[in-house]
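The structure appears right after this line, and notes come after that.
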DNA sequence: AAGTGGTCTAGACCACGCG
DNA sequence: GCGTGGTCTAGACCACTTT
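Protein chains in written order, with the working numbering: chain W, 1 to 236; chain P, 1 to 236.
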């Protein structure tokens, strides 16, 4: 997506080199002065880029030594934050059951919307996660249409929304709040998850915060956990 | 703590004015240029200070308008890791229903024990969390007896096991892994949680890692979430 | 048009790590 | 001593909001 500013261009360049292994984990980036020459700019701008990468957990700075490339999964224990591609150890197949489309916000929400979100339409899509061909999670997702255009279902990187955000829009997940509930399956849910009506269902509502301050991603997950529990992990 | 740098000095000044209400919530800070004059410095430095305040959630910037003072939220990530005292906003009363005692490990577990844990007996205790007098969470806890002696129920700091560990043993929680399941209430659980048999129950099994590498704390939580959902939050 | 924050230039000096 | 990142100066131009 558009690198309108020079510091974003530098960020994107470094991020891409890190993600492809051109800048190896544990090694040091070129020095700020070298990056200045490479991009024909000044330290202020280079430092602006490095600072963002620092905040997003890509690098770590060492005074007098340089900027070191970090293991990218480090602080993200949070499996939920990684999306379900990472949350379950089994072979997961994701089906985009409702492709991204613009609609109005759902009425029932666990989280308050910001003013700008409230004023905007929202982009909605639904995915179903299958394990061994059996549906295990139904996941509704929403975000403000004014902040980010709908992403074409075909453009999803490996079926993952987060990977798509990171690689195509340079947006990283910065944190999340969840609410967890146990509910019983409605007729509709029971059908989608192929379980009996009134089966116990794990209901997770979540708001993900991103490196784009105006952009929150909202999710509502319905999980049948009898065979495959949902795993989370955290690091302090 | 010393304000060695000018941007910290500016930050401290603004933070203090916000916290004492001199800069009212919802109002705009002096403009960057005004702050430059006030502190006899340049915009780079003022902006560095404002940027930190932004990251810490004190202000919000509006292009073309100014920097607005925000409602200060508590937001202290990782509620689960901090234990349930912090997980629920309501008035929570904790009853130690089974005081710490030495027994053998339970047979059903979600996590594999280390060799030293396996070789040791375990300390077990059970707590029930009540909200407004109604039981909401039944929590079983275990840890290896060889690593830490049983803590007397009367010595629990504010009923919190984690606070006790931190304040009396200088042990901090470093992370956790969870498994989440939705189940239906057994007769025994239904009785303890005062709900109908077969009600949906949120079942969380968790292992907390601590700053003592040999010490893991294991938990099994049974939560009735119809009235009070369980909240989690993370930060990257 | 005037004022605000957003980006950027072209320097400077300092503190830290290493040889 | 030299290269690194940390802080800071003194400007400039742009984009956005308000009057």
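Built from N, CA and C at the ideal position, the CB exists for glycine as well.
Quiz item: How would you call residue 207(W), buried or exposed, if buried means at least 16 neighbouring beta carbons within 10 angstroms?
Solution: Translated into positions along the first chain, residue 207(W) becomes position 207. So residue 207(W) ends up on the buried side.
Exercise. Please name the residue or residues paired with residue 137(W) in a DSSP beta bridge.
Key: Position 137 of the first chain, counted from the start, is the residue given in the question as residue 137(W). Residue 137(W) is bridged to 129(W) and 223(W).
Quiz item: From what residue to what residue does the alpha helix (DSSP H) around residue 166(W) run?
Solution: Residue 166(W) sits at position 166 when you count from the first residue of the first chain. Start and end: 161-169.
Exercise. Could you tell me whether the stretch 24-31 of chain P touches the stretch 54-71 of chain P, using the rule of 3 or more Cβ pairs below 8 Å?
Key: yes
Exercise. Please state whether DSSP places residue 149(P) in a helix, a strand or coil.
Key: On the second chain, residue 149(P) is found 149 positions in, with the first residue counted as 1. It is coil, neither helix nor strand.
Practice problem: Can you grab the Cα-Cα spacing for the pair residue 83(W) / residue 161(W), in whole Å? | Solution: In the first chain, residue 83(W) corresponds to position 83, counting from 1. In the first chain, residue 161(W) corresponds to position 161, counting from 1. In this predicted model, residue 83(W) has a pLDDT of only 43, less than 50, meaning its place in the structure is not dependable enough to derive any value.
Quiz item: Among residues of its own chain, excluding the 5 on either side of residue 223(W), which ones have a beta-carbon nearer than 6 Å to its beta-carbon?
Solution: For the purposes of this step, residue 223(W) is taken as the residue at position 223 of the first chain. Closer than 6 Å at the Cβ level, and outside the excluded window around residue 223(W), lie 137, 202 and 230.
Self-check item: Status (buried if at least 16 other CB within 10 Å, exposed otherwise) for residue 219(P)
Solution: Your numbering for residue 219(P) matches position 219 in the second chain. Flag for residue 219(P) reads buried.
Self-check item: Buried versus exposed call for residue 205(P) [16 or more other C-beta atoms within 10 Å across all chains shown]
Solution: By 1-based counting over the second chain, the position of residue 205(P) is 205. Buried is the call here.
Self-check item: Minimum Cβ-Cβ distance from residue 184(P) to chain W less than 8 Å
Solution: Indexing the second chain from 1 puts residue 184(P) at position 184. It does; some Cβ of chain W falls within 8 Å.
Quiz prompt | Near-chain W residues of the stretch 181-205 of chain P (beta-carbon distance less than 7 Å), N- to C-terminal order | solution = 181, 182, 183, 184, 200, 201 and 202
Self-check item: chain W contacts made by the stretch 36-58 of chain P, where a contact means CB separation under 7 Å
Solution: none
Exercise. Indicate, with yes or no, if the ligand MG has a heavy atom lying under 7 Å from the CB of residue 165(W).
Key: Ligands displayed in this structure: none; no statement on the ligand MG is therefore possible.
Practice problem: Locate the beta strand (DSSP E) running through residue 34(P), then write down its first and last residues. | Solution: In the second chain, residue 34(P) corresponds to position 34, counting from 1. No beta strand (DSSP E) contains residue 34(P), which is instead part of the alpha helix (DSSP H) from 32-39.
Practice problem: Evaluate residue 214(W) with the Cβ neighbour count: other Cβ atoms within 10 Å of its Cβ, from every protein chain shown; 16 or more gives buried, anything less gives exposed. | Solution: Your numbering for residue 214(W) matches position 214 in the first chain. It counts as exposed.
Quiz item: Which residues in the same chain as residue 307(P) place their Cβ atom closer than 7 Å to its Cβ, once the five residues preceding and following it in sequence are excluded?
Solution: Chain P is shown from 1 up to 236; residue 307(P) falls before or after that span and cannot be answered.
Exercise. Would you mind stating whether residue 141(P) and residue 156(P) have Cβ atoms separated by less than 8 Å?
Key: The residue labelled residue 141(P) in the question sits at position 141 within the second chain. The residue labelled residue 156(P) in the question sits at position 156 within the second chain. Against a cut-off of 8 Å, the Cβ pair of residue 156(P) and residue 141(P) comes out as no contact.
Quiz item: Taking just the CA atoms, how far does residue 127(W) sit from residue 143(P)?
Solution: Counting from 1 along the second chain, the entry for residue 143(P) is found at position 143. Counting from 1 along the first chain, the entry for residue 127(W) is found at position 127. Residue 143(P) and residue 127(W): Cα-Cα distance of roughly 39 Å.
Quiz item: Should residue 212(W) and residue 8(W) be called a contact, given that it needs their Cβ atoms to be closer than 8 Å?
Solution: Here residue 212(W) refers to the residue found at position 212 of the first chain. Here residue 8(W) refers to the residue found at position 8 of the first chain. No.
Self-check item: Beta-carbon contacts of residue 146(W) that lie in its chain and below 7 Å, excluding the five residues immediately before and after
Solution: In the first chain, residue 146(W) corresponds to position 146, counting from 1. Closer than 7 Å at Cβ, skipping near neighbours: 116 and 120.
Quiz item: Quick one: Cα of residue 131(P) to Cα of residue 164(P), how far?
Solution: To locate residue 131(P), count along the second chain from 1; it is residue 131. To locate residue 164(P), count along the second chain from 1; it is residue 164. Approximately 22 Å, taken between the alpha carbons.
Exercise. Could you have a look at residue 187(P) and say whether DSSP puts it in helix, strand or coil?
Key: For the purposes of this step, residue 187(P) is taken as the residue at position 187 of the second chain. Of the three classes helix, strand and coil, the one that applies to residue 187(P) here is helix, per DSSP.
Self-check item: Sequence-distant residues of the same chain with beta carbon closer than 8 Å to residue 101(P), five excluded per side
Solution: The residue you call residue 101(P) lines up with position 101 of the second chain. Same-chain partners within the cutoff: 123, 124, 125 and 150.
Practice problem: Return the residue from the list 113(P), 107(P) and 139(P) that minimises the CA-CA distance to residue 96(P). | Solution: What you label residue 96(P) is simply residue 96 of the second chain in a count that begins at 1. For residue 96(P), the nearest C-alpha among the options comes from 139(P).
Self-check item: Chain-ordered residues of the stretch 105-139 of chain P with a beta carbon less than 8 Å from chain W
Solution: 110
Exercise. Could you pull the start and end residues of the beta strand (DSSP E) that residue 238(P) belongs to?
Key: Given that chain P is displayed from residue 1 to residue 236, the structure contains no residue 238(P) and the question cannot be resolved.
Quiz prompt | Simplified DSSP state of residue 43(W), which is helix, strand or coil | solution = In the first chain, counting from the first residue as 1, residue 43(W) sits at position 43. Three-state DSSP puts residue 43(W) in a helix.
Practice problem: Could you please give the first and the last residue of the uninterrupted beta strand (DSSP E) stretch that includes residue 210(P)? | Solution: Mapped onto the second chain, residue 210(P) falls at position 210. From DSSP, the beta strand (DSSP E) with residue 210(P) extends over 200-210.
Practice problem: Return no unless some Cβ of chain P is closer than 8 Å to the Cβ of residue 232(W). | Solution: As a first step, residue 232(W) is located in the first chain; it is residue number 232 there, counting from the start. Yes, residue 232(W) counts as interfacial toward chain P.
Practice problem: In angstroms with no decimal places, state the Cα-to-Cα distance between residue 104(W) and residue 112(W). | Solution: Residue mapping note: residue 104(W) aligns to position 104 of the first chain, counting from 1. Residue mapping note: residue 112(W) aligns to position 112 of the first chain, counting from 1. So the alpha carbons of these two residues sit roughly 15 Å apart.
Practice problem: Return the bridge partner residues of residue 218(W) from the DSSP annotation. | Solution: By one-based count along the first chain, residue 218(W) stands at place 218. Partner(s): 142(W) and 207(W).
Exercise. Return the CA-CA distance between residue 64(W) and residue 34(W), expressed in angstroms with no decimal places.
Key: By one-based count along the first chain, residue 64(W) stands at place 64. By one-based count along the first chain, residue 34(W) stands at place 34. Approximately 15 Å between the Cα atoms of the pair.
Quiz item: With 16 other CB atoms within 10 Å as the buried threshold, where does residue 237(W) fall?
Solution: Limits of chain W in this structure are 1 at one end and 236 at the other, which puts residue 237(W) out of reach.
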